[in-house]
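Asker: First the structure, then my questions, so here it is.
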Amino acid sequence: MFEYALSFMIFLPILAGLILFVLPVGDRAARGIGFAVSLVVLLLGIELFLGFSGVGGMQYAENRPWIESLGIRYSLGVDGISLLVLMAGAILYPMVFTVFATRRKGFYANLLLTQGAMLGAVCAVDMVLFYIFWEIMLLPVFFMIGLYGGEKRLAATLKITLYTISGSLLMLAALVYVAVSYHQQFGKWTFDIVELSNLQLGGGFAILAFLMFMVAFAIKIPLFPFHTWLPDAYCEAPSSTTFVLSAIMAKIGVYGVIRFVVPIFEPELARFAVLLSLAGVAGMIYCGLAAIAQKDMKRMLAFSSASHMGIIALGVFCQNVQALIGTLFQIAAHATSTGVLFLFIGLMEERRQSREIADFGGIAYRAPVFATFFAIAMLASVGLPGTSGFIGEFLIILGAIEFSGFIGFLAGTSLVVGVCYMLWMFQRVFFEKPREDCQPFTDLTLTEALTFLPVMALILGMGIFPNAFIAKIEPTAQTYTPVQQAVVAEMTATSPRPMVVLSEHKN
Amino acid sequence: MNDFLSLLPLLVTCCGAIVLMLLAALEKYRPESGALLSLGFLAAAFFLQLSTLGEPARPLFRELFNGMASTSGFSAAAGAIVLACAFFTVMITHTYFKENSFATLEFYAVLLFAVCGMLLLTLASELICAFIALEIMSLAVYVLVGFNRNSLRATEALFKYLLLGAFAGAFFTMGTALVYGAAGSTRFYDIAVFTQSGGASAPLMIGGVFFLLVALLFKAAAFPFHAWVVDVYDGASVPVTGFMATALKTALFALFANFLAQSAGLHDKWITFLFVISVMTMFGGNLIAIGQDNLKRMLAASGIVHSGYLLIALVAISADQFSGSVIAYYLAAYGAGTLGMFAALSYLGGKDERRVSFEDFKGLAKVRPFSAAAITVFLLSMAGIPPTAGFMGKFYVITAAINADHIALAVLGIVSSILSMWYYLRLIVLMYFHEAEEGFDTGRCGWAGTGTAILVASVFVIGIYPIII
Numbered sequence: 001m002f003e004y005a006l007s008f009m010i011f012l013p014i015l016a017g018l019i020l021f022v023l024p025v026g027d028r029a030a031r032g033i034g035f036a037v038s039l040v041v042l043l044l045g046i047e048l049f050l051g052f053s054g055v056g057g058m059q060y061a062e063n064r065p066w067i068e069s070l071g072i073r074y075s076l077g078v079d080g081i082s083l084l085v086l087m088a089g090a091i092l093y094p095m096v097f098t099v100f101a102t103r104r105k106g107f108y109a110n111l112l113l114t115q116g117a118m119l120g121a122v123c124a125v126d127m128v129l130f131y132i133f134w135e136i137m138l139l140p141v142f143f144m145i146g147l148y149g150g151e152k153r154l155a156a157t158l159k160i161t162l163y164t165i166s167g168s169l170l171m172l173a174a175l176v177y178v179a180v181s182y183h184q185q186f187g188k189w190t191f192d193i194v195e196l197s198n199l200q201l202g203g204g205f206a207i208l209a210f211l212m213f214m215v216a217f218a219i220k221i222p223l224f225p226f227h228t229w230l231p232d233a234y235c236e237a238p239s240s241t242t243f244v245l246s247a248i249m250a251k252i253g254v255y256g257v258i259r260f261v262v263p264i265f266e267p268e269l270a271r272f273a274v275l276l277s278l279a280g281v282a283g284m285i286y287c288g289l290a291a292i293a294q295k296d297m298k299r300m301l302a303f304s305s306a307s308h309m310g311i312i313a314l315g316v317f318c319q320n321v322q323a324l325i326g327t328l329f330q331i332a333a334h335a336t337s338t339g340v341l342f343l344f345i346g347l348m349e350e351r352r353q354s355r356e357i358a359d360f361g362g363i364a365y366r367a368p369v370f371a372t373f374f375a376i377a378m379l380a381s382v383g384l385p386g387t388s389g390f391i392g393e394f395l396i397i398l399g400a401i402e403f404s405g406f407i408g409f410l411a412g413t414s415l416v417v418g419v420c421y422m423l424w425m426f427q428r429v430f431f432e433k434p435r436e437d438c439q440p441f442t443d444l445t446l447t448e449a450l451t452f453l454p455v456m457a458l459i460l461g462m463g464i465f466p467n468a469f470i471a472k473i474e475p476t477a478q479t480y481t482p483v484q485q486a487v488v489a490e491m492t493a494t495s496p497r498p499m500v501v502l503s504e505h506k507n
Numbered sequence: 508m509n510d511f512l513s514l515l516p517l518l519v520t521c522c523g524a525i526v527l528m529l530l531a532a533l534e535k536y537r538p539e540s541g542a543l544l545s546l547g548f549l550a551a552a553f554f555l556q557l558s559t560l561g562e563p564a565r566p567l568f569r570e571l572f573n574g575m576a577s578t579s580g581f582s583a584a585a586g587a588i589v590l591a592c593a594f595f596t597v598m599i600t601h602t603y604f605k606e607n608s609f610a611t612l613e614f615y616a617v618l619l620f621a622v623c624g625m626l627l628l629t630l631a632s633e634l635i636c637a638f639i640a641l642e643i644m645s646l647a648v649y650v651l652v653g654f655n656r657n658s659l660r661a662t663e664a665l666f667k668y669l670l671l672g673a674f675a676g677a678f679f680t681m682g683t684a685l686v687y688g689a690a691g692s693t694r695f696y697d698i699a700v701f702t703q704s705g706g707a708s709a710p711l712m713i714g715g716v717f718f719l720l721v722a723l724l725f726k727a728a729a730f731p732f733h734a735w736v737v738d739v740y741d742g743a744s745v746p747v748t749g750f751m752a753t754a755l756k757t758a759l760f761a762l763f764a765n766f767l768a769q770s771a772g773l774h775d776k777w778i779t780f781l782f783v784i785s786v787m788t789m790f791g792g793n794l795i796a797i798g799q800d801n802l803k804r805m806l807a808a809s810g811i812v813h814s815g816y817l818l819i820a821l822v823a824i825s826a827d828q829f830s831g832s833v834i835a836y837y838l839a840a841y842g843a844g845t846l847g848m849f850a851a852l853s854y855l856g857g858k859d860e861r862r863v864s865f866e867d868f869k870g871l872a873k874v875r876p877f878s879a880a881a882i883t884v885f886l887l888s889m890a891g892i893p894p895t896a897g898f899m900g901k902f903y904v905i906t907a908a909i910n911a912d913h914i915a916l917a918v919l920g921i922v923s924s925i926l927s928m929w930y931y932l933r934l935i936v937l938m939y940f941h942e943a944e945e946g947f948d949t950g951r952c953g954w955a956g957t958g959t960a961i962l963v964a965s966v967f968v969i970g971i972y973p974i975i976i
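Read top to bottom, the protein sequences are chains G and E. Counting along the first sequence from 1, when you hit position 440 you're at 440 in the working numbering, and nothing is skipped either side. Positions in the second sequence are counted from 1; adding 507 to them yields the working numbering.
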């Protein structure tokens with residue numbers, strides 16, 4: 001039954017999106033179709049999740065020849081690495097169709113195209129296939145920001161597009177280099193990531209290719225210092241698009257690092273791990289401090305999202321099981337918390353035509369349900385125990401300490417910054433005395449409440465029963481890291497600095 | 508018999524050209540019937556050409572032609588691309604002449620003669636034959652460029668092109684003479700044998716090949732012989748520009764590849780030269796394209812950039828089948844994208860091509876969403892964004908370059924395509940993100956509209972099923 005499940009999940013939204021473009025459907029009908037399609041994908045996603053056993057490599061795999069002369073295959077599959085990212089893309093999506101009624105047909109069509117492309121990128125096992133979906137998912141975002149965004153949308157959309165495309169094109173050269181090296185070593189063409197991980201690269205070009213991959217993914221994540229496109233794009237994009245960007249698309253950047261960089265470039269990654277994890281921590285601190293200073297809530301959240309992406313990326317660079325599991329878990333957790341916060345900000349903007357913190361106040365007295373929901377998502381975002389945000393961040397910090405005490409310490413303390421800006425914002429917006437000229441603020445409508453209720457349940461569920469999720473991803477994560485640790489040990493044996501770290505850990 | 512079959516597309520086109528020329532003497536036939544007739548001849552030739560695709564590489568009529576012409580999978584593919592480009596050009600022309608009335612039957616006759624020259628060029632395996640084919644093609648194209656006698660710009664373009672083209676022709680003959688002096692033969696095969704045994708460094712050979720390359724690079728619009736392109740493409744009418752940008756380039760690169768691929772000695776000797784030329788072509792073209800406000804001029808400049816990518820493939824070319832088919836594939840992908848742009852321009856341009864600048868297309872998406880979507884697809888294909896044919900073309904070129912150990916060239920190609928995003932995106936931004944200032948009330952899309960639709964489909968089809976011969 002699940003033979004074509006992944007293809008179906010990928011191409012149903014894409015086809016629906018294309019049909020919406022061509023057919024003269026009304027805006028309401030388009031929204032209905034989008035919701036129906038995303039619901040089908042959601043149900044299929046849950047079914048896949050429940051049926052996922054976690055052991056034995058790729059599940060639900062599809063593998064067909066495509067371009068034979070270069071060994072490019074139409075190859076899809078899910079394993080523990082991609083499972084939660086796939087779920088983030090499949091499960092959270094119906095929300096964007098139920099909130100914000102004022103959108104146009106083209107917007108919904110673009111949303112569907114984005115979903116199909118993102119799911120495709122997550123499921124692709126073949127690097128060329130991945131690259132194709134990776135590039136496609138940018139196009140609808142380009143149109144969504146450019147057509148339906150805020151006032152400065154043109155600059156924002158050009159910035160994100162040029163930035164991301166530059167990164168992607170560099171990655172294209174690097175992935176061709178990897179395949180050609182494989183061809184030279186093994187005498188056959190393949191772009192299959194499982195086979196490519198047998199490759200032994202070395203020398204200057206390998207480092208160059210590694211850096212090209214890293215730049216592409218660092219731009220998408222975005223990792224400090226490639227984050228400069230983010231505040232503008234997140235702010236100018238319509239809130240649903242911002243949600244898609246921050247909750248799912250940014251995660252595919254991290255996923256790309258785990259899926260493609262880690263297996264192929266083990267020695268290079270080990271060599272640059274300290275630098276990269278410092279970049280992650282620097283991003284956390286810098287973006288966190290920037291968030292404190294923001295007056296615009298959406299901009300603040302944009303920086304907060306970038307700050308969290310720093311810690312998620314850090315988990316990858318620590319190269320041990322705890323951090324990896326933490327990262328994979330946090331990918332899903334962050335999607336449910338910060339992603340949803342963007343939607344909340346969108347709702348507030350819809351009600352008040354403003355995003356300035358100063359324009360709000362006392363919302364909690366007027367809209368208690370909304371305030372409760374907001375508080376849950378916010379507390380998950382700052383990592384309160386009992387919510388989904390805690391488990392992931394805890395595991396990542398644990399892994400970071402194992403990797404390097406200094407970096408772990410920095411990462412752990414900088415989490416406090418997150419608490420600062422979030423709670424301060426929450427206090428100003430929801431508690432302080434309402435301003436006198438304030439218009440009334442209506443609470444969540446029934447549709448909205450029903451939309452967000454499952455996510456709230458998910459946030460708490462992931463926080464209280466994390467094992468249900470971790471059990472699925474752990475086997476893959478376990479097989480993913482021993483090789484790495486061997487390499488790390490080998491690398492550290494030759495360089496003195498991390499040696500100290502390693503011996504500390506042994507003691 | 509098989510040899511005859513391989514020549515048949517050329518013969519059919521030639522017959523078509525002669526028939527049209529004769530009909531033009533009679534007053535009762537209107538230009539529309541000329542379009543119809545040439546479509547018929549081109550379609551017939553195209554399908555005949557397709558049927559020869561699987562044939563093995565061999566000289567045609569060895570006794571008769573003495574190795575002047577030969578066919579191969581690559582030549583056949585290039586011939587098919589030329590014919591397809593000409594077919595769509597005729598469709599574009601038909602619609603274009605509804606608004607711009609300088610059509611006569613002779614236009615189509617000359618067009619078919621140009622196609623004859625191009626087909627012969629893809630088959631040429633000897634320098635004199637190549638020269639004749641080059642001149643048949645060039646003379647016909649000169650006439651097409653200046654066909655609108657009422658337009659001063661077209662006349663100016665014709666004059667520039669004719670004068671410089673004549674120089675290029677002279678260089679080509681000069682080169683042929685010198686190469687003959689060194690190698691004692693003008694056949695590619697004999698030249699290859701000669702260069703293999705160390706002849707590539709003979710002074711006469713170096714001079715001769717240099718002159719030949721100058722002529723070919725001039726026709727291919729490569730740096731530093733690219734200065735004419737922008738003016739000529741701008742002055743010529745939209746369909747002719749499209750024809751020059753695609754069919755002519757295809758034929759020319761077919762000759763280029765045939766000439767270089769056969770002789771490894773020559774290729775090794777000139778590889779650094781071609782490397783520098785291709786890098787300069789890409790970046791020079793980008794520099795020109797970024798500054799343009801006129802769409803046709805931008806497309807002309809982007810054509811220079813694409814010549815640069817094709818030169819990358821030429822640098823990477825070797826005797827194996829793959830790199831030859833990379834060039835053919837890239838030409839097909841580029842041809843579909845570029846001709847599609849010109850097809851859309853031909854009916855959106857309005858009377859006397861009054862809409863030509865970027866600004867004129869502001870807000871097109873609001874008024875004519877399908878045309879805007881088609882143009883977007885073509886631009887994305889030219890920019891190399893998946894899942895279009897242009898992406899696969901670029902992917903193959905990069906793979907060929909890295910496979911031949913030219914990693915630096917591949918990276919420079921990538922950098923150049925990042926630069927080119929700017930002017931492709933600029934048009935998309937103007938079409939979609941600005942309000943329309945006019946109604947774009949043009950005549951009906953007609954055949955050009957049909958052509959656009961087919962080209963959109965083919966951009967995706969060759970992108971998703973990338974056929975490598």
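No residue lacks a Cβ here, since even glycine has one placed at the ideal position from N, Cα and C. Remember, it's a predicted structure, so these values are computed and weren't measured experimentally.
If the criterion is Cβ atoms closer than 7 Å, does the pair GLU135/G and SER181/G meet it?
Answerer: Not in contact: GLU135/G and SER181/G (Cβ atoms no closer than 7 Å).
Asker: Which one of SER923/E, SER577/E, PHE766/E, ARG694/E has the shortest CA to CA distance from LEU512/E?
Answerer: Measuring from the Cα of LEU512/E, the nearest candidate turns out to be SER577/E.
Asker: When DSSP labels each residue in this structure, what does GLY315/G get in the three-state scheme?
Answerer: Correct three-state label for GLY315/G: helix.
Asker: When you check each C-beta in the segment 907-935 of chain E against every C-beta of chain G, which residues fall closer than 7 Å?
Answerer: Cβ contacts with chain G: ILE909, ASN910, ILE914, ALA917, VAL918, ILE921, SER924, ILE925, MET928, LEU932.
Asker: Can you check whether the CB of ALA647/E is closer than 7 Å to the CB of VAL616/E?
Answerer: Inspection of the sequence shows that residue 616/E is occupied by Ala rather than by Val. In this structure, ALA647/E does not lie closer than 7 Å to ALA616/E by Cβ.
Asker: What beta strand (DSSP E) runs, 3 residues minimum, are completely inside the segment 725-813 of chain E?
Answerer: None, since the segment 725-813 of chain E contains no complete beta strand (DSSP E) of that length.
Asker: Applying the criterion that 16 or more other CB atoms from any shown protein chain within 10 Å of the CB defines a buried residue, is ASN110/G buried or exposed?
Answerer: Per the 10 Å Cβ criterion, buried.
Asker: Quick check on SER577/E: does DSSP put it in helix, strand or coil?
Answerer: Residue state, collapsed to three classes: strand.
Asker: Check the C-beta distance from PRO710/E over to ILE599/E and give it rounded, since I have them as a contact under 8 Å.
Answerer: Contact doesn't hold; Cβ gap of about 47 Å is too wide.
Asker: May I ask you to list the residues that DSSP assigns as paired with LEU76/G?
Answerer: LEU76/G is bridged to GLU62/G, ALA124/G.
Asker: Between ILE961/E and chain G, is there a C-beta pair that is closer than 7 Å?
Answerer: So no, ILE961/E is outside the interface.
Asker: Compute the Euclidean distance between the alpha carbons of PHE766/E and ILE396/G, then round it to the nearest angstrom.
Answerer: Whole-angstrom Cα-Cα distance: 60 Å.
Asker: Spell out whether any CB of chain E is found under 7 Å from the CB atom of VAL40/G.
Answerer: No, no contact with chain E.
Asker: Using a Cβ-Cβ distance cut-off of 7 Å, determine whether ILE882/E contacts chain G.
Answerer: No, because no Cβ of chain G sits closer than 7 Å to the Cβ of ILE882/E.
Asker: Against chain E, does TYR177/G count as a neighbour if the rule is that its beta carbon must be under 7 Å from one of theirs?
Answerer: At least one chain E Cβ lies under 7 Å of TYR177/G.
Asker: Using the C-alpha atoms, what's the distance from ALA850/E back to GLY715/E?
Answerer: Roughly 40 Å separates the two Cα atoms.
Asker: Which partner residues does SER864/E have in the DSSP bridge list?
Answerer: In DSSP, SER864/E forms a bridge with ASN801/E.
Asker: If you measure from the beta carbon of PHE940/E to each beta carbon in chain G, is any gap under 7 Å?
Answerer: Judged by the 7 Å Cβ criterion, PHE940/E is in contact with chain G.
Asker: According to DSSP, which residues form a beta bridge with ILE67/G?
Answerer: In DSSP, ILE67/G forms a bridge with ILE72/G.
Asker: Give every residue of the same chain whose Cβ lies closer than 6 Å to the Cβ of VAL340/G, excluding the five residues on either side of it in the sequence, and list them in chain order.
Answerer: Closer than 6 Å at Cβ, skipping near neighbours: ALA377, VAL455.
Asker: Establish whether the CB of ILE819/E and some CB of chain G are separated by less than 7 Å.
Answerer: Not one chain G Cβ lies under 7 Å of ILE819/E.
Asker: Answer yes or no: does any C-beta atom of chain G fall closer than 7 Å to that of ILE824/E?
Answerer: Taking Cβ atoms only, chain G never reaches closer than 7 Å to ILE824/E, which makes this a no.
Asker: Check whether the segment 588-608 of chain E touches the segment 753-761 of chain E, taking contact to mean three or more Cβ pairs, one atom from each stretch, closer than 8 Å.
Answerer: As far as the Cβ criterion goes, the segment 588-608 of chain E touches the segment 753-761 of chain E, which means the pair count is three or higher.
Asker: Can you give the Cα-Cα distance for PHE317/G and LEU269/G, rounded to whole angstroms?
Answerer: Roughly 8 Å separates the two Cα atoms.
Asker: Quick check on the burial criterion: 16 or more other C-beta atoms within 10 angstroms. Buried or exposed for THR748/E?
Answerer: Per the 10 Å Cβ criterion, buried.
Asker: By the criterion of Cβ-Cβ separation under 8 Å, what are the contact partners of PRO894/E in chain G?
Answerer: ILE132, ILE136, listed in chain order.
Asker: Inspect the CB distances between the segment 832-849 of chain E and the segment 878-893 of chain E and report whether three or more fall short of 8 Å.
Answerer: Contact between the segment 832-849 of chain E and the segment 878-893 of chain E is present, because at least three Cβ pairs lie under 8 Å.
Asker: Which of the three DSSP states is assigned to ARG694/E in this structure?
Answerer: Looking at ARG694/E - three-state DSSP - the assignment turns out to be strand.
Asker: In the DSSP assignment, find the alpha helix (DSSP H) that holds LEU578/G and state where it starts and stops.
Answerer: Any answer about residue 578/G is impossible in this case: the structure gives chain G only from 1 up to 507.
Asker: Distance, Cα to Cα, ARG537/E vs LEU626/E?
Answerer: About 27 Å.
Asker: Would you report the Cα separation of ILE207/G and MET309/G, rounded to the nearest angstrom?
Answerer: C-alpha separation (whole angstroms): 24 Å.
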